[in-house]
Amino acid sequence: EKLIDHLIQLSLSIADKISFQKSGVINPTDILRIPHVLQITEKNHYSLKPAIVRLFQEALADLNIIRAKEGAALHKLLKSRLNKMTVELKKISAHLPKMLAEQKKILRTRFEALEIELDFSRLEQEVLLFIQKTDVAEEIDRLKFHIDETDQILNSKTPCGRRLDFLMQELNREVNTIGSKIAHKKVTSQVVELKVLIEQMREQIQNIE
Numbered sequence: 003e004k005l006i007d008h009l010i011q012l013s014l015s016i017a018d019k020i021s022f023q024k025s026g027v028i029n030p031t032d033i034l035r036i037p038h039v040l041q042i043t044e045k046n047h048y049s050l051k052p053a054i055v056r057l058f059q060e061a062l063a064d065l066n067i068i069r070a071k072e073g074a075a076l077h078k079l080l081k082s083r084l085n086k087m088t089v090e091l092k093k094i095s096a097h098l099p100k101m102l103a104e105q106k107k108i109l110r111t112r113f114e115a116l117e118i119e120l121d122f123s124r125l126e127q128e129v130l131l132f133i134q135k136t137d138v139a140e141e142i143d144r145l146k147f148h149i150d151e152t153d154q155i156l157n158s159k160t161p162c163g164r165r166l167d168f169l170m171q172e173l174n175r176e177v178n179t180i181g182s183k184i185a186h187k188k189v190t191s192q193v194v195e196l197k198v199l200i201e202q203m204r205e206q207i208q209n210i211e
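In terms of this note's numbering, the sequence shown opens at residue 3 and continues consecutively.
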């Protein structure tokens, strides 16, 4: 910049001395034509590579830390919901004998109301039929198996998103079967809670690779 100013003043001085362009007006392009007035310096961008690599590595490390924290929190939530499912299943299993006793009482009351002579074998047949219709032992066993399998997969270090999503479908199928077999209000309450837990886990599993 100082060089250009100097050249301009020098040009004005020369022009004044030779009575050329008395007004002192000089075309800027004339100045730019003078050799070495402008110089273009090429920067070596390769010198920036170490800094760029370092910043990328730092960003990647920060991302891994964030993902690890999110993964740990997600793992904890899923484990908690699996434990809650186990609790709800135990409630259903504990209620089944009570439900059977209630059904026997209901059948006995119906026989008496219809003034039908109470036939022990007939009562037992009705109870047996009720048991067959409401038997959910297999469904409960399969639910326990799927819960255990889900727990094991969560403890693994391999990609498991698709497998977990499949298990959520299996869990939901078994719970729906229990709900269709047993219409008792207490069991229905547990079925609803199980379905809520499964849906919550299914949504969270979408974030797992």
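Glycine included, every Cβ here is placed at the ideal spot set by N, Cα and C.
This structure is a prediction, so every number in the text was calculated from the model and none was measured.
For residue i, count neighbouring C-beta atoms within 10 Å of its own C-beta (all shown protein chains included) and say buried if the count is 16 or more, exposed if not.
i           : result
residue 21  : Caution applies to residue 21, whose pLDDT of 48 falls short of 50 and renders its modelled position unreliable; the value that the coordinates give is listed next. Counting Cβ neighbours within 10 Å, residue 21 comes out exposed, since fewer than 16 surround it.
residue 90  : buried
residue 130 : exposed
residue 152 : buried
residue 126 : exposed
residue 26  : Its pLDDT being 49, under 50, residue 26 is placed unreliably in this model, and the value from its coordinates should be taken loosely. When all chains shown are included, residue 26 counts as exposed.
residue 24  : Only weak support exists for where residue 24 lies, its pLDDT of 46 falling under 50; the value from the coordinates is given anyway. With fewer than 16 Cβ atoms within 10 Å of its Cβ, residue 24 is classed as exposed.
Please check the pair residue i and residue j, which I expect to be a contact at CB under 8 Å, by giving their CB distance rounded to whole angstroms.
i           : j           : result
residue 141 : residue 176 : 5 Å
residue 86  : residue 199 : 6 Å
residue 155 : residue 165 : 6 Å
residue 138 : residue 71  : Wrong, their Cβ atoms sit about 40 Å apart, outside the cutoff.
residue 133 : residue 102 : 7 Å
residue 207 : residue 193 : Not quite, the Cβ-Cβ distance comes to about 21 Å (not below 8 Å), so this is no contact.
Using a threshold of 8 Å, state whether the C-beta atoms of residue i and residue j are closer than that.
i           : j           : result
residue 83  : residue 203 : yes
residue 159 : residue 174 : no
residue 161 : residue 211 : yes
Check your understanding: Can you list, in chain order, the stretches of the alpha helix (DSSP H) that have 4 or more residues and sit fully within the stretch 128-195?
Key -> 139-156, 163-183
**Study point:** the stretch 164-179 / the stretch 139-152 touching (three or more Cβ pairs under 8 Å)
**Key:** yes
Practice item. Determine, using beta-carbon pairs with one atom in the stretch 69-80 and one in the stretch 177-195, whether at least three such pairs fall under 8 Å. Key: no
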